[in-house]
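Encoded as structure tokens, the structure appears first; notes follow it.
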Amino acid sequence: MSWHPQYRSSKFRHVFGKPASKENCYDSVPITHSVHDNHFCAVNPHFIAVVTECAGGGAFLVIPLHQTGKLDPHYPKVCGHRGNVLDIKWNPFDDFEIASCSEDTMIKIWDIPRQLLSKNLTACRKELVGHSRRVGLVEWHPTAANILFSAGYDYKVMVWNLDTKESVIKSPVKTIDCHQDVILSMSFNTNGSLLATTCKDRKIRVLDPRAGSILQEASYKGHRASKVLFLGNLKKLLSTGTSRWNNRQMALWDQDDLSVPLTEEDLDGSSGVLFPFYDADTNMLYVVGKGDGNIRYYEVSADKPYLNYLTEYRSYHPQKGIGVMPKRGLDVSSCEIFRFYKLITTKSLISSTRQKSRLQKMVGGHSLCWRKRRQGGRQNTRWRRRKPGSQMALTSSNAPHQRQRTSYYRCSIGNKKKSEGSGSW
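FYI, in my numbering the residues of the sequence shown are 2 to 426.
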């Protein structure tokens with residue numbers, strides 16, 4: 002009988018994550034305080050866009066990819082929404098066009114100039130009006146140019162044709178009205194012929210985006226899906242969510258039969274939303290948890306056991322958002338196969354002033370010699386202040402203390418943010 006190894010051989014078993022150096026990070030980037038379950042970051046080979054805070058409306062920053070280091074506090078913003086920006090996506094066919102959606106029910110299409118922004122950009126190229134409630138998701142069609150999909154809190158998915166002359170488009174070319182609750186995620190297959198969605202009713206639906214009809218629907222009660230993703234040409238779906246015991250869970254489905262998942266895998270008991278990312282060229286799956294510091298990655302196969310755990314990248318900084326560089330922006334000379342941009346919060350040093358007498362204790366010292374004490378002399382205790390590196394001062398307790406002020410530093414959570422690239426994988 003021939004011998005077979007107990008482990009599964011994989012050419013990706015030695016893949017590792019490498020954090021970027023401090024010089025290649027973006028510091029002091031103000032990140033949005035929104036708790037909406039989205040990435041809040043979009044990346045292409047020219048720019049990195051980050052949703053930020055803005056008084057009186059919503060805004061996001063567009064930073065050139067090469068402009069690393071500390072960001073100017075007065076750096077120009079892309080602002081034109083009257084509500085918080087909930088999602089941003091770069092056009093996959095135009096690196097200088099980005100779509101944004103907001104709580105103000107509007108979707109805006111922006112043209113980003115090739116030179117650096119010198120002032121706030123407030124004029125968009127197109128404005129899409131059709132949703133009656135806030136818009137939470139936008140997604141570009143993967144193969145057809147100028148086709149945008151949007152999902153709102155009115156339970157509708159709208160299809161927009163941007164190849165028109167109008168600056169304000171008030172009627173979508175298609176409205177898909179088959180959901181019973183808020184839509185949580187959307188994902189296209191490779192050629193864009195199928196659209197998968199997850200809804201707040203915890204159901205997974207596979208739709209025909211042309212006809213707007215439901216092809217498959219999963220109502221499996223053992224897995225409550227939150228995010229869904231097509232896995233390239235494997236004809237499979239991966240969903241992330243929670244199990245019936247509220248553990249974070251992944252489930253793999255056959256896209257032609259959503260009655261029962263092919264496999265389920267419990268991860269942990271954390272509460273952060275899991276975002277899946279798939280690389281069709283290497284069949285590698287990356288799972289990123291919001292509020293986690295680690296990134297798990299798997300190899301997906303067409304046969305059992307389907308999901309093969311490889312390893313994970315660990316970091317002490319929990320991510321608030323995540324962005325992914327397209328394949329055409331990777332450094333192939335260093336064998337880079339995937340790149341994440343993490344939005345993390347950092348601690349800053351804030352100067353403060355305190356009274357030194359409150360920080361440093363006094364110690365008692367002698368006030369009288371032995372002879373004076375024997376003769377009946379009395380005097381209050383003299384105190385000396387502990388002061389490292391210098392002569393200790395002596396003061397009398399019946400004399401007023403001189404308050405000396407000194408500056409020290411304390412750690413506190415500030416508003417300074419930065420995004421961290423994970424380097425080579």
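The C-beta atom is built at its ideal place from N, Cα and C for all residues, glycine as well.
- Under the DSSP definition of a beta bridge, Leu311 lacks any partner.
- The residue among Leu259, Ala252, Tyr279 and Phe278 with its C-alpha nearest the C-alpha of Glu266 is Ala252.
- Ranked by Cα distance from Pro74, the first of Ser29, Ala124 and Gly292 is Ser29.
- Taking C-beta atoms as the reference points, Val139 and Ser151 count as a pair closer than 8 Å.
- In this chain, the beta strand (DSSP E) harbouring Asp267 covers Thr264 to Asp267.
- For Pro277, the enclosing beta strand (DSSP E) has its first and last residue at Leu275 to Asp280.
- Under DSSP, His224 shares a beta bridge with Ser244.
- Annotated three-state conformation of Lys23 is helix, per DSSP.
- Lys171 sits in coil when the DSSP states are folded into three classes, being neither helix nor strand.
- Remark: fewer than three beta-carbon pairs, one from each stretch, lie closer than 8 Å, so the stretch 17-29 and the stretch 113-129 are not flagged as touching.
- Spatial neighbours of Leu149 in its own chain (CB-CB distance under 7 Å, excluding positions within 5 residues in sequence) are listed in chain order as Ala100, Val139, Trp141, Trp161 and Leu163.
- Taking C-alpha positions only, Phe41 is separated from Gly273 by approximately 15 Å.
- The beta carbon of Gln181 lies closer than 6 Å to those of Asp202 in the same chain, with the five residues before and after it left out.
- Inter-residue distance for Pro262 and Val207 is about 14 Å (C-alpha atoms, whole angstroms).
- Out of Asn45, Asp105, Gly223 and Ser103, the CA that lies nearest to the CA of Gln250 is found in Gly223.
- Here Leu196 is bridged, per DSSP, to Phe189 and Leu208.
- Non-local C-beta neighbours of Asp258 in its own chain, meaning closer than 6 Å and more than five positions away in sequence, are absent.
- As summarised for the stretch 15-77, the continuous beta strand (DSSP E) elements at least 3 residues long and confined to that stretch are 42-44, 48-55 and 58-65, given in chain order.
- Counting the other Cβ atoms within 10 Å of the Cβ of Ser194 gives fewer than 16, which makes it exposed.
- When DSSP states are grouped into helix, strand and coil, Lys328 belongs to the helix group.
- Its chain contains Leu235 as the residues whose beta carbon lies nearer than 7 Å to that of Ala303, once the 5 sequence neighbours on both sides are disregarded; these appear in chain order.
- By the C-beta density criterion, Cys200 is buried, having at least 16 other C-beta atoms within 10 angstroms.
- For Val333, the secondary structure class from DSSP, reduced to helix, strand or coil, is helix.
- Inclusion of Tyr314 and Asn295 in the CB contact set at 8 Å is warranted, their separation being smaller than that value.
- A residue is called buried once 16 or more other Cβ atoms fall within 10 Å of its Cβ, and Asp178, having fewer, is exposed.
- Shown here, Thr176 sits in a strand according to DSSP, grouped into three states.
- Between Cys102 and Asp112, the gap from beta carbon to beta carbon reaches 8 Å or more.
- No Cβ-Cβ contact shorter than 8 Å links Leu122 with Pro173.
- Thr144 sits in coil when the DSSP states are folded into three classes, being neither helix nor strand.
- In this structure, DSSP gives His318 a state outside helix and strand, which the three-state scheme calls coil.
- The continuous beta strand (DSSP E) containing Arg249 extends over residues Arg249 to Asp255.
- Scanning Asp209, Gln68, Ser22 and Glu54 for the CA closest to the CA of Ser188 turns up Asp209.
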